[in-house]
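Shown next, in structure tokens, is the structure this report addresses.
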Amino acid sequence: MEETLRFKLNGKPVSLTVDGDRLLLWVLRTDLGLTGTKYGCGESFCGACTVIVNGEAVRSCQTPVKEARDKEVVTIEGLAAGNGLHPVQKAFMEHDALQCGYCTPGMIMNAYSFLRKNPAPSVAEIVEGMDDDLCRCGAHKRIILAIQAAAKEMHGGL
Amino acid sequence: MNEYQYWANDPEEAAVPMDRRGFLKTTGTGIFLFFKIRDISFFTQEGPGRVAQQNVPSDFNAYLKIGEDGRVACYTGKIEMGQGIVTSLAQMLADEMDVHIDNVDMVMGDTDLCPWDRGTFGSLSTRAFGPSLRTAAAEARRVLIEMASEQLKVPVKDLATEGGAVFDRTNTKIRTTYAALAKGKRIERHLTDPVVVKKPSEFKIMSKPLTRRDAREKVTGKAQYAGDIQLPGMLYAKILRPPAHGAKLLDVDTGEAGKVEGARVIRDGDLVAVLHKYPDVAQAALSKIKAKFDTPPANVDDRSIYDHLLKVAPGGKVVAQAGDLASGEKESSSVLEQTYLNAYVAHAPMEPHTAVVKIEGKRATVWASTQAPFGAREEVAKELGFRTEDVRVITPFVGGGFGGKTAHRQVVEAARLARLSGSPVQVAWTRSEEFFYDTFRPAAVVKIRSGITGKGRISFWDYNVYFAGERGAPHFYEIPNHRTTAYNSSWVGAEGAHPFATGAWRAPGNNTNSFARESQIDIMAARAGVDPVEFRLQHLSDAKMKRVLQTAAEKFGWKPAKSPSGRGHGVALGIDAGTYVASIAEVEVNKGTGDVRVKRVLAVQDMGLVVNPAGATIQMEGCITMGLGYALREGLHFKGGEITDLNFGTYEIPRFSWLPKIETHILDDENSPPQGGGEPAIVTMGAVIANAIYDAVGARIFELPMIPSRVKEAIHKG
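So the protein lines, in turn, are chains Y and A.
The first sequence maps to residues 11 to 168 in the numbering used here.
The second sequence maps to residues 889 to 1606 in the numbering used here.
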């Protein structure tokens, strides 16, 4: 069913007419041209498609776009203000917390959401919080270091 | 914006057809230096069987450009898939030329802009391409100094270079820049004679750790992969797939799919696809297709595969031998005969195979996730009946390859559908298609008979590997009587051997071979009652391997003990891509469940000259982490040609909670040529964990992956 949906995307209002059952991932990537959010598995196993909806990390490959109605959606493109970098992005760069980079947007969005809830996590808490995000290159050790560093830099504030 | 991403903001602009023959003309003014990979033996040694074998180019296979803007670019057919050569190759170029690394552009994997290259695999970019790149850069610097000498009227011997400038060292105010020297000129040089490159003591950029140059694009979501290419009028194609390899399409009803608004159904022989401007709508429409397939009976599955492979194995090829096995056996006080197995393993890169193809007249432009853009170009040209030079393959960032993207069926599918539909087409495989059409690491068998004398010396070694490939099969120990035989010496199986495609998987062959060899060595050490590190040292004469092992033992804090010691410590050695590796692991085994927890992995590596210590370290960490997968969990389930693991729900890959404490050390060996970095540290992961499990609980595991039920069974067997 086509319907007109309004929501906030990366701080700006968006209005689009779309079949509300279509999945947020594909609407973001194709209708809205934001290709930073990736398809990895289509079944919520890997986290490459993670975006933030009203402060919560969600798997956009399993989220109908209608669930974003009147909400605030943040994608990797909107995480930082202007041309700057969010501390989580900066920490990923500084710690070489990526290789092929394909899982990186999802990792960063999940890490961001996780740190909002737990601003000073232990390593065990980071592992638990990130455990459903898959990386095939094996950057895990670096990602943990980056999240620790980002937490430190943010001093609990985002 | 870095130039290697020149296409990123405007794919349309990049899609303007270029005259292949005149491609150098389009590169404008500047100073050009053409070079080829000097040591052509690298081309013939190894590589994916699927890449069309071409003659090694006699002309050149990479070039440098010094532009009027002072930027230096390297044009190479190599691609970046996470391994980090976009950084390490730039370091070599910047250092040899004395330019700031921020002024270096890597233009990679574009078949119109870059000369022919066989592909990016085998940890070859640094060790085979790197030395030639350095030489070319040194020559470019020499040419620039000569030009500056003429312009500045200063003898060459008085000139020095720094930061893209040439100056008189006796009066540094007399100076010019590379940019000024290149201005308005078109100078072409072919590198013929070897040039002197910098000594390690002169390095300013090489051998210094540098973070990834592509990180900013990747953390901001700006980095584009093939699936991020969106062209006007482009349609996403979803293709009807058989339930099993070998299944034949009997009947298909596409009526309902065709009713979906905006969907186009294409049928061409066995190819049935739905095209739509949205990929998810195309997928939904595809699911409405009713199809009947004739699926051949499943004659083999993941349990019976090993017997099958042994039954169909071709004759053996002896790859190494010395002495006499029979006389060695006579001297033995113990003879140990073991069979090692490993399952099929998926590449499972996070980015599934993807391609976009646009056809204009008799020309095609392709954006593909591929490790072999020139191979992909050949396949597209063949499929479309175009001349090779009329197909341009552009390689955006590749989201992981590990060998799996040397095969590119998806590119051919996209080309075929672009031709049939008349529109630009994107084919992006779903995860289940990625599993189904993967060129898996082959299931393989290794049979070893070996013996030790009463004095604890290895007396003979009869090593037989089936279907893994011969890489890593020859041992490196002091054994007087030995023979290594490979049956089906490639990772690509003979016809009828495997129920689906197999291919090169990160350090192909060597993971299987190192698991078997290092397990068997451990078994002999235990039989001899000697500490496994000590037993290895007693049988090593190679100073490099000894140093690697001794360093590992020292850094780990290895305390000699006869295994099983109950501590859960294991060791394993390997050589891959010219690099020597020693790994030591500590594990904890739950005797009740058979669950293995790897607590610590330490790896020491001698890889010759290290171009980017940060990049090399990350590759080692990646190898260790990825290696946990094939060691502990990854083994494909299938029934005949039906693959039953089609997503990460049943096919588990390593995750954060598996992570051991990882320690890596790279030995200082800067005066030796650089060796491979992307693969070596993964080869020891099977054996180092198997040996640690044995040390923990006294149970020997002969089959990978070491899933809990298998470990539990081995413990109960005693």
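Here a beta-carbon is modelled for each residue, glycine too, at the ideal position from N, C-alpha and C.
Quiz item: Does the region 1252 to 1269 of chain A come within contact of the region 1543 to 1563 of chain A, defined as at least 3 CB pairs closer than 8 Å?
Solution: Taking 8 Å as the limit for Cβ pairs, the verdict is that the region 1543 to 1563 of chain A does not touch the region 1252 to 1269 of chain A.
Quiz item: Roughly how far, in whole angstroms, is the beta-carbon of Cys-59(Y) from the beta-carbon of Thr-47(Y), given that I think they are within contact range, below 8 Å?
Solution: To locate residue 59(Y), count along the first sequence from 1; it is residue 49. To locate residue 47(Y), count along the first sequence from 1; it is residue 37. Confirmed, Cβ separation roughly 6 Å.
Quiz item: When DSSP labels each residue in this structure, what does Ala-1132(A) get in the three-state scheme?
Solution: For the purposes of this step, residue 1132(A) is identified with residue 244 of the second sequence, where counting begins at 1. Three-state DSSP puts Ala-1132(A) in coil, outside helix and strand.
Exercise. Would you mind telling me which residues of chain A sit closer than 9 Å to Phe-102(Y), beta carbon to beta carbon, in chain order?
Key: Counted from its first residue, the first sequence places residue 102(Y) at position 92. Within 9 Å Cβ-Cβ: Ala-1103, Lys-1106 and Val-1107.
Quiz item: Beta carbon of Lys-1044(A), beta carbon of Arg-1077(A): below 7 Å?
Solution: For this step, residue 1044(A) is matched to residue 156 along the second sequence. For this step, residue 1077(A) is matched to residue 189 along the second sequence. Residue 1044(A) is actually Val in this sequence, not Lys. No. Outside cutoff.
Quiz item: Does the Cβ-Cβ distance between Ile-1567(A) and Leu-1490(A) come in under 7 Å?
Solution: The residue given as residue 1567(A) occupies position 679 in the second sequence. The residue given as residue 1490(A) occupies position 602 in the second sequence. Before going on, a small fix: residue 1567(A) reads as Glu here, not Ile. Taking 7 Å as the Cβ cut-off, Glu-1567(A) and Leu-1490(A) do not qualify as a contacting pair.
Practice problem: Give the straight-line distance between the Cα atoms of Pro-74(Y) and Leu-34(Y), rounded to the nearest whole angstrom. | Solution: Your numbering for residue 74(Y) matches position 64 in the first sequence. Your numbering for residue 34(Y) matches position 24 in the first sequence. Rounded to the nearest angstrom, the two C-alpha atoms are 6 Å apart.
Practice problem: Give me the Cα-Cα distance between Ala-159(Y) and Lys-76(Y), rounded to the nearest whole angstrom. | Solution: Stepping through the first sequence from its first residue, residue 159(Y) is reached at position 149. Stepping through the first sequence from its first residue, residue 76(Y) is reached at position 66. Roughly 36 Å between the two C-alpha positions.
Exercise. Please list the residues of the region 1541 to 1564 of chain A that have a C-beta atom closer than 8 Å to any C-beta atom in chain Y, keeping them in chain order.
Key: Hits within the stretch, in order: Ile-1541, Pro-1542, Arg-1543, Phe-1544, Ser-1545, Leu-1547 and Ile-1550.
Exercise. Select from the region 1390 to 1408 of chain A all residues with a C-beta closer than 8 Å to any C-beta belonging to chain Y, and list them in chain order.
Key: none
Exercise. Starting from Met-1514(A), find everything on chain Y with Cβ-Cβ shorter than 8 Å and list it in chain order.
Key: Reading the second sequence from its first residue, position 626 is the one you call residue 1514(A). Within 8 Å Cβ-Cβ: Arg-146, Cys-147 and Gly-148.
Exercise. Assign Arg-1405(A) to one of three DSSP states: helix, strand, or coil.
Key: The residue you call residue 1405(A) lines up with position 517 of the second sequence. Looking at Arg-1405(A) - three-state DSSP - the assignment turns out to be helix.
Practice problem: Please list the partners that Asp-1189(A) has in chain Y, where partner means a Cβ-to-Cβ separation under 7 Å. | Solution: Here residue 1189(A) refers to the residue found at position 301 when the second sequence is read from its first residue. Within 7 Å Cβ-Cβ: nothing; Asp-1189(A) doesn't reach chain Y, min ~24 Å.
Quiz item: Using a Cβ-Cβ cut-off of 7 Å (strictly less than) and excluding sequence neighbours within five positions of Ala-1602(A), which residues of its own chain qualify?
Solution: Sequence index remark: in the second sequence, residue 1602(A) carries index 714 (1-based). Cβ neighbours of Ala-1602(A) beyond the five flanking positions: Ala-1587, Arg-1588 and Ile-1589.
Quiz prompt | Where Phe-17(Y) meets chain A, residues with beta-carbon distance less than 7 Å | solution = Stepping through the first sequence from its first residue, residue 17(Y) is reached at position 7. Within 7 Å Cβ-Cβ: nothing; Phe-17(Y) doesn't reach chain A, min ~18 Å.
Quiz item: Between the C-alpha atoms of Met-969(A) and Gly-1288(A), what's the straight-line distance to the nearest angstrom?
Solution: Reading the second sequence from its first residue, position 81 is the one you call residue 969(A). Reading the second sequence from its first residue, position 400 is the one you call residue 1288(A). Computed Cα separation, rounded: 5 Å.
Exercise. For the alpha helix (DSSP H) containing Met-996(A), list its first residue and its last residue.
Key: On the second sequence, residue 996(A) is found 108 positions in, with the first residue counted as 1. Secondary structure note for Met-996(A): it is in no alpha helix (DSSP H), and the uninterrupted beta strand (DSSP E) holding it is 992 to 996.
Practice problem: Let me know the secondary structure DSSP gives Phe-1323(A) once reduced to three states. | Solution: Your numbering for residue 1323(A) matches position 435 in the second sequence. Here Phe-1323(A) sits in helix by DSSP.
Exercise. With a threshold of 16 other CB atoms inside 10 Å of the CB of Val-1571(A), please say whether the residue is buried or exposed.
Key: Against the second sequence, residue 1571(A) aligns to sequence position 683. Label assigned to Val-1571(A): buried.
Quiz item: Taking Cβ to Cβ, would you say Met-1122(A) is nearer than 7 Å to Pro-1312(A)?
Solution: Within the second sequence, numbered from 1, the residue matching residue 1122(A) stands at position 234. Within the second sequence, numbered from 1, the residue matching residue 1312(A) stands at position 424. A contact, by the Cβ cut-off of 7 Å.
Quiz item: Taking just the CA atoms, how far does Asp-1212(A) sit from Gly-1357(A)?
Solution: Sequence index remark: in the second sequence, residue 1357(A) carries index 469 (1-based). Sequence index remark: in the second sequence, residue 1212(A) carries index 324 (1-based). Whole-angstrom Cα-Cα distance: 24 Å.
Quiz item: Is Arg-1015(A) closer than 7 Å to Glu-984(A) when the C-beta atoms are compared?
Solution: For this step, residue 984(A) is matched to residue 96 along the second sequence. For this step, residue 1015(A) is matched to residue 127 along the second sequence. No, the pair does not count as a contact, with Cβ atoms beyond the cut-off.
Self-check item: N-terminal and C-terminal residue of the beta strand (DSSP E) that Val-1164(A) is part of
Solution: Start at 1 with the first residue of the second sequence, and residue 1164(A) comes out as number 276. Reading off the sequence, residue 1164(A) comes out as His, not Val. For His-1164(A), the enclosing beta strand (DSSP E) starts and ends at 1159 to 1164.
Quiz item: Hey, does Ile-1506(A) have any beta-carbon neighbour from chain Y nearer than 7 Å?
Solution: By one-based count along the second sequence, residue 1506(A) stands at place 618. Yes - at least one Cβ of chain Y is within 7 Å of the one on Ile-1506(A).
Quiz item: In three-state terms, what does DSSP make of His-1525(A)?
Solution: Translated into the one-based positions of the second sequence, residue 1525(A) becomes position 637. If DSSP states are grouped into helix, strand and coil, His-1525(A) belongs with coil.
Practice problem: Kindly give me the distance between the Cβ atoms of Gly-1052(A) and Thr-1060(A), rounded to whole angstroms, as I take these residues to be in contact under 8 Å. | Solution: Residue numbering aside, residue 1052(A) sits at position 164 when the second sequence is read from its first letter. Residue numbering aside, residue 1060(A) sits at position 172 when the second sequence is read from its first letter. Their Cβ separation, rounded to whole angstroms, is 15 Å, which puts Gly-1052(A) and Thr-1060(A) out of contact at 8 Å.
Practice problem: Inspect the beta-carbon positions of Pro-1501(A) and Pro-1097(A) and report whether they are closer than 7 Å. | Solution: Locating residue 1501(A) in the second sequence gives position 613, counting from the first residue. Locating residue 1097(A) in the second sequence gives position 209, counting from the first residue. Taking 7 Å as the Cβ cut-off, Pro-1501(A) and Pro-1097(A) qualify as a contacting pair.
Quiz item: Count the other CB atoms within 10 Å of the CB of Asp-1056(A); is the residue buried (16 or more) or exposed (fewer)?
Solution: Numbered from its first residue, the second sequence carries residue 1056(A) at position 168. Residue environment analysis places Asp-1056(A) among the buried positions, since at least 16 neighbouring C-beta atoms fall within 10 angstroms of its C-beta.
Quiz item: Can you list the alpha helix (DSSP H) stretches of 4 or more residues lying completely in the region 1355 to 1442 of chain A, in chain order?
Solution: 1398 to 1416 and 1420 to 1426
Exercise. Closer than 9 Å by beta-carbon distance: list the chain A residues that pair up with Leu-33(Y), in chain order.
Key: If you number the first sequence from 1, residue 33(Y) lands on position 23. Chain-ordered, the chain A residues with CB closer than 9 Å to the CB of Leu-33(Y) read Asp-1168.
Practice problem: Measure from the C-beta of Met-11(Y) to each C-beta in chain A and report whether the shortest distance is under 7 Å. | Solution: The count along the first sequence starts at 1 and reaches residue 11(Y) at position 1. Chain A contact via Cβ: absent.
Quiz item: Tell me the DSSP bridge mates of Arg-1488(A)?
Solution: Position 600 of the second sequence holds residue 1488(A). According to DSSP, which records beta bridges pairwise, Arg-1488(A) is partnered with Glu-1474(A) and Lys-1549(A).
Self-check item: Where Cys-59(Y) meets chain A, residues with beta-carbon distance less than 7 Å
Solution: For the purposes of this step, residue 59(Y) is identified with residue 49 of the first sequence, where counting begins at 1. Correct list: empty, because the minimum Cβ distance to chain A is about 11 Å.
Quiz item: If we call anything under 7 Å between Cβ atoms a contact, is Ile-1616(A) one with Ala-1416(A)?
Solution: In this structure chain A extends from 889 to 1606, so residue 1616(A) is not present and cannot be described.
Quiz item: Does the beta-carbon distance from Arg-1100(A) to Asp-143(Y) come in below 7 Å?
Solution: Taking the second sequence and counting its residues from 1, the one referred to as residue 1100(A) is at position 212. Taking the first sequence and counting its residues from 1, the one referred to as residue 143(Y) is at position 133. No, the pair does not count as a contact, with Cβ atoms beyond the cut-off.
Quiz prompt | Nearest candidate by alpha-carbon position, reference Thr-1372(A), set Trp-1349(A), Phe-1423(A), Trp-1379(A) and Gly-1381(A) | solution = For the purposes of this step, residue 1372(A) is taken as the residue at position 484 of the second sequence. Looking at the Cα atoms, Trp-1349(A) is the closest of the given residues.
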